[in-house]
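Residue numbers (our numbering): 3 to 311.
Note that the Cβ used here is the ideal one computed from N, Cα and C, for glycine as well.
Please read all numbers here as calculations on a predicted model, not as lab measurements.
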Ligand SMILES: C[S@@+](CC[C@H](N)C(=O)[O-])C[C@H]1O[C@@H](n2cnc3c(N)ncnc32)[C@H](O)[C@@H]1O
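This is the structure:
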């Protein structure tokens, strides 16, 4: 079961007009989308994106146009959102939600290869219809490339040691499964040493982010969609680790006007157009009760902005 994270907070942040147009960029199991759709009234439109065809197929069965409200489901990377909205004849929207990362559904299906909890081929593609698998990456990237990926996206200081161990291991045999990879990383890091998380956690996160080119996708959807919001429209993003959160914070930060005093007197507002305002100055985190009920919510941060003219 995928429990939607900070559901009420997301709905409060997002919905300003129940007859408006809302886009959920990360449909997943449809948890947030279903709740958004429930709040819409006749004339409202919900557009759900997911690059995972399984997610689209699953949600198609339960979320359907009814009572004068419409649903459109799009199988694509949210990086292509603006083009896909053009094709649907949609210009500006009232709200955009992004709930980043993988769904528990993806994590739970062993053959998707996201998790080292079950031994399976290392795939890690969110869109299994295209692109390089994590196994291909692990077996073909240079030692330097692997070290860079693990350092940049996993922020693991043992990145060089891990990259070396991967290259040594693959000289003897192709690395095919999550279990093999987890074992190689664990040995390279000198075992578990009483760590709370598995020593391969960061390497797995890093490979997933590289295989799916995640940060570039986030940057692209924010960049193109900030200009497609109606005045007063809302953008809400749930992030689950510091790299994502920093990117979102810095992106919106550039659009929030700040005042600079002029030598000749007066002030001028500096910002990247269009201007936005934070809905809350600090990101929201899940309540203690939600964190106790849903471990995935523990690392969640919700940032939201309202767009200006
Ligand atoms: C955390 S889940 C979303 C869960 C959803 N909010 C719910 O309540 O069920 C993230 C989903 O976003 C999808 N996703 C991640 N990156 C994407 C991208 N660049 N484009 C489209 N979908 C993406 C994943 O395939 C996954 O299904």
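**Request:** Would you check whether ligand 1 has a heavy atom nearer than 7 Å to the C-beta of residue 285?
**Result:** By one-based count along the chain shown, residue 285 stands at place 283. Every heavy atom of ligand 1 is 7 Å or more from the Cβ of residue 285, so no.
**Asked** Run through DSSP, which three-state label would residue 34 get?
**Response** Here residue 34 refers to the residue found at position 32 of the chain shown. Here residue 34 sits in helix by DSSP.
**Asked** DSSP on residue 260, reduced to helix/strand/coil?
**Response** What you label residue 260 is simply residue 258 of the chain shown in a count that begins at 1. It is a strand residue.
**Request:** Assign residue 185 to one of three DSSP states: helix, strand, or coil.
**Result:** The residue you call residue 185 lines up with position 183 of the chain shown. In the structure shown, residue 185 falls within a helical segment according to DSSP collapsed to helix, strand and coil.
**Request:** Let me know if residue 79 comes out buried or exposed under the rule of 16 or more other beta-carbons within 10 Å of its beta-carbon.
**Result:** Residue mapping note: residue 79 aligns to position 77 of the chain shown, counting from 1. Classification of residue 79: buried, given that the 10 Å Cβ count is 16 or more.
**Message:** Based on DSSP bridge pairs, tell me the residues matched to residue 280.
**Reply:** Translated into positions along the chain shown, residue 280 becomes position 278. Answer is 307.
**Message:** According to DSSP, simplified to helix, strand and coil, what is residue 46?
**Reply:** Sequence index remark: in the chain shown, residue 46 carries index 44 (1-based). It is coil, neither helix nor strand.
**Request:** Please confirm whether any heavy atom of ligand 1 lies closer than 7 Å to the CB of residue 128.
**Result:** One-based indexing of the chain shown puts residue 128 at position 126. Remark: the shortest separation between the CB of residue 128 and any heavy atom of ligand 1 falls under 7 Å.
**Message:** For the pair the region 27–41 and the region 65–78, tell me if three or more CB-CB distances fall below 8 Å.
**Reply:** Contact between the region 27–41 and the region 65–78 is present, because at least three Cβ pairs lie under 8 Å.
**Asked** What three-state label does DSSP hand residue 213 in the structure shown?
**Response** Your numbering for residue 213 matches position 211 in the chain shown. In this structure, residue 213 counts as helix in the three-state DSSP scheme.
**Message:** Among the candidates 33, 109, 101, 5, whose CA atom is the shortest distance from the CA of residue 220?
**Reply:** Position 218 of the chain shown holds residue 220. Ranking 33, 109, 101, 5 by Cα distance to residue 220 puts 101 first.
**Message:** Taking 7 Å as the cut-off, is the C-beta of residue 276 nearer than that to any heavy atom in ligand 2?
**Reply:** Of the ligands this structure carries, namely ligand 1, none is ligand 2.
**Asked** Under the three-state reduction of DSSP, which class applies to residue 16: helix, strand or coil?
**Response** Taking the first residue of the chain shown as position 1, residue 16 is located at position 14. Three-state DSSP puts residue 16 in a helix.
**Prompt:** What residues are listed by DSSP as bridge partners for residue 99?
**Reply:** If you number the chain shown from 1, residue 99 lands on position 97. Beta-bridge annotation (DSSP): residue 99 is paired with 26, 238.
**Asked** Where does residue 199 land, buried or exposed, given buried means 16+ other C-beta within 10 angstroms?
**Response** As a first step, residue 199 is located in the chain shown; it is residue number 197 there, counting from the start. Residue 199 is exposed by the Cβ-count criterion.
**Message:** Suppose the cutoff is 8 Å on Cβ atoms and the five residues either side in sequence are ignored; what does the same chain contact list for residue 261 look like?
**Reply:** Walking along the chain shown from the start, residue 261 turns up at place 259. Excluding positions up to five away in sequence, the list reads 269, 270, 271, 272.
**Prompt:** CA-CA distance, residue 171 and residue 177?
**Reply:** Position 169 of the chain shown, counting from 1, holds the residue named residue 171. Position 175 of the chain shown, counting from 1, holds the residue named residue 177. Between residue 171 and residue 177, the C-alpha separation is close to 8 Å.
**Message:** Taking the straight line between their C-alpha atoms, what separation do you get for residue 153 and residue 205?
**Reply:** Position 151 of the chain shown, counted from the first residue, corresponds to residue 153. Position 203 of the chain shown, counted from the first residue, corresponds to residue 205. Cα to Cα, the separation comes out at about 9 Å.
**residue 199 CB to nearest heavy atom of ligand 1 below 7 Å** = Within the chain shown, the letter at position 197 stands for residue 199. No.
**Request:** Quick one: using the 10 Å Cβ neighbour count with 16 as the cut-off for buried, is residue 113 buried or exposed?
**Result:** Indexing the chain shown from 1 puts residue 113 at position 111. Of the other Cβ atoms in all chains shown, fewer than 16 fall within 10 Å of the Cβ of residue 113; this residue is therefore exposed.
**Message:** Rounded to the nearest angstrom, what separates residue 308 and residue 286 at their Cα positions?
**Reply:** Residue mapping note: residue 308 aligns to position 306 of the chain shown, counting from 1. Residue mapping note: residue 286 aligns to position 284 of the chain shown, counting from 1. About 15 Å.
**Prompt:** If you follow the alpha helix (DSSP H) that residue 292 is part of, which residue opens it and which one closes it?
**Reply:** The residue labelled residue 292 in the question sits at position 290 within the chain shown. The continuous alpha helix (DSSP H) containing residue 292 extends over residues 290–295.
**Asked** Should residue 180 be labelled buried (16 or more other beta-carbon atoms within 10 Å of its own) or exposed?
**Response** As a position in the chain shown, residue 180 is number 178, starting the count at 1. Residue 180 is classed as buried because its beta carbon has at least 16 other beta carbons within 10 Å across all chains shown.
**Asked** Apart from the five residues just before and just after residue 237, which ones in its own chain have a Cβ nearer than 6 Å to its Cβ?
**Response** Locating residue 237 in the chain shown gives position 235, counting from the first residue. If we look at residue 237 and ignore the five residues flanking it on each side, its Cβ neighbours are 98, 307.
**Message:** The alpha helix (DSSP H) that contains residue 60, what's its start and end?
**Reply:** As a working note, residue 60 is residue 58 in the chain shown. According to the DSSP assignment, residue 60 belongs to the alpha helix (DSSP H) that extends over 55–62.
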